[in-house]
Amino acid sequence: MRKLTVMFLAMIMVFLGTASAALAKEPATPQLTIEDVMRMAVENSTALKSGNLAKDQAWEARKDAADDVSLRPSGGGGPVNEKAESSFTKLMQTSNRYLTQSKLLQQEEKNVKLDAYQKYISVLISQEKIKNAEITLAKDQLAERLAKICAQVGTISNPEMVAAQSTVQASAAALQEAIENLDKAYVELNAVIGLWPEDRPILQDEIAFETFKVDNINAEASRAETSSEALWSLQQLVNLQKMDLSYFRYGPGSGALSSYDIEKIDVDIAELNVEEARKEVRNGVFTLYKDIQAAEEQYNKVNAAIKLMEETLRVAKVKYDVGMATAMDIKTSEAELASYETNLALLKYQHAILVANFKNLTGKELV
């Protein structure tokens, strides 16, 4: 019995060891473009899978309702056929529910693609911040070494030495935080495209800054209205309420008699909801475009400042070559330039996200 127990435990250890080896796999590094990421996000989305099932369910309900319709109610002042009215109302409701579910599915797919696009850029942003943190740390480490030398010969005070050391510690902590943020950005991206958390895909597409021009902002606002699934759904509610008004002897699905005045108020409310939503869509287009223009202005300002910083660095290197500047002067200029370049890159990514949201709002492909 004891031998059997030992053999059983040994088998468990072998199994656990094999499982651990399988779990401790090497991180995958697939090369992915933005289009790859969006496609994988759509394929991996449980919300879209659930939405497709809900759409199929709505279609089956619509088919069942159609089978129950024997004639269309006439409305007006003729004799009431409550069964015909009820079955026809049910058909209209289920048809609208199916169409609405289809529109919601389209909207969800757009949202999934936009989310994947933004998570792709979040990884690029995190990588950019690491570069800047590394340059800053290198500059502060050099300052610390120089401070130690100066402290040894008595040219700086102890508090100045402690300050240099504290600056290095803060820069090292900032670099570590940037690395952790990159890991987090990868995990969030991997979650939506179906990769393991430890995988580190190589992102192939670099984001280029391009000025975004709109020929006619009013036309874009109208396009946003036309492509808005939410606005479409509200309009369908208006249509249903108007249908109730045409056949006001019955209420939706209840078979009960309703007054014309009550039904008319329902139509008025539904139309007001559509108009309010339409204003929000149009205002969203105008606001987003202004944000894009503001980002472009800021980008151009920082880009102009970078040219000055590059010239400052060039002069510092020339002075260093002739003994008129120190290595610390060069490191300081490099760090300042890197900071501006990071800000420029962040503005570029912010601009890309704004443009993607504008395209999404106006029914255009992101890439």
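For the sequence shown, the positions run -24 to -1, 1 to 343 when mature numbering (1 follows the signal peptide of the UniProt record, and there is no 0) is used.
Glycine included, every Cβ here is placed at the ideal spot set by N, Cα and C.
Counted as a single uninterrupted DSSP element, the alpha helix (DSSP H) harbouring Phe334 occupies residues 303 to 337. Looking only at Leu67, Glu36, Ser26, Trp35, the smallest Cα-Cα distance to Val45 is reached by Leu67.
If you look at Thr131, you'll find it isn't in any alpha helix (DSSP H); DSSP assigns it neither H nor E. Counting C-beta pairs with one atom in each stretch, the stretch 205 to 220 and the stretch 167 to 182 have fewer than three that are closer than 8 Å, which means they do not touch. The C-beta distance from Ala34 to Tyr74 rounds to 4 Å, short enough to fall under 8 Å. The closest CA to that of Asp220, considering only Asp12, Met137, Glu61, Lys39, is found on Glu61. Residue state for Gln141 is assigned as helix, using DSSP reduced to three classes. Residues of the same chain with a CB within less than 8 Å of the CB of Ala148, apart from the 5 flanking positions on each side, are Leu113 in chain order.
Between Ser102 and Ala17, the C-beta spacing is not below 8 Å. For Leu171, the closest C-alpha among the options Gln7, Leu81, Ala200 is that of Gln7. The Cβ atoms of Tyr275 and His327 sit closer than 8 Å to each other. Closest in C-alpha terms to Leu100, from the list Met300, Val298, Thr9, comes Thr9.
Arg258 sits away from Ala311, with the two beta carbons spaced by 8 Å or more. An exposed status is given to Leu284, since fewer than 16 other beta-carbon atoms sit within 10 Å of its beta-carbon. According to DSSP, Gln7 shares a beta bridge with Ile178.
Rounded to the nearest whole angstrom, the CA to CA distance from Ile132 to Pro3 is 48 Å. Ranked by Cα distance from Val343, the first of Glu186, Thr302, Ala119 is Glu186. Counting along the chain, the unbroken alpha helix (DSSP H) around Met285 starts and ends at 236 to 297. Counting every other CB atom within 10 Å of its CB across the protein chains shown gives Thr5 a total below 16, marking it as exposed. In the three-state reduction of the DSSP assignment, Leu171 falls in the coil class. Counting along the chain, no alpha helix (DSSP H) covers Asp191, and no H or E run does either. Counting along the chain, Ser26 sits inside the alpha helix (DSSP H) bounded by residues 22 to 44. One thing to note: Met14 has its Cβ within 8 Å of the Cβ of Ala92.
Distance between Asn249 and Val278, taken at the CA atoms: about 43 Å.
When the beta-carbon positions are compared, Ala246 and Val214 come within less than 8 Å of each other. DSSP places Lys340 in the coil class of the three-state scheme, outside both helix and strand.
Between the alpha carbons of Val190 and Leu337 lies a gap of roughly 14 Å. The criterion of a C-beta distance shorter than 8 Å is satisfied by Ile97 and Ile329.
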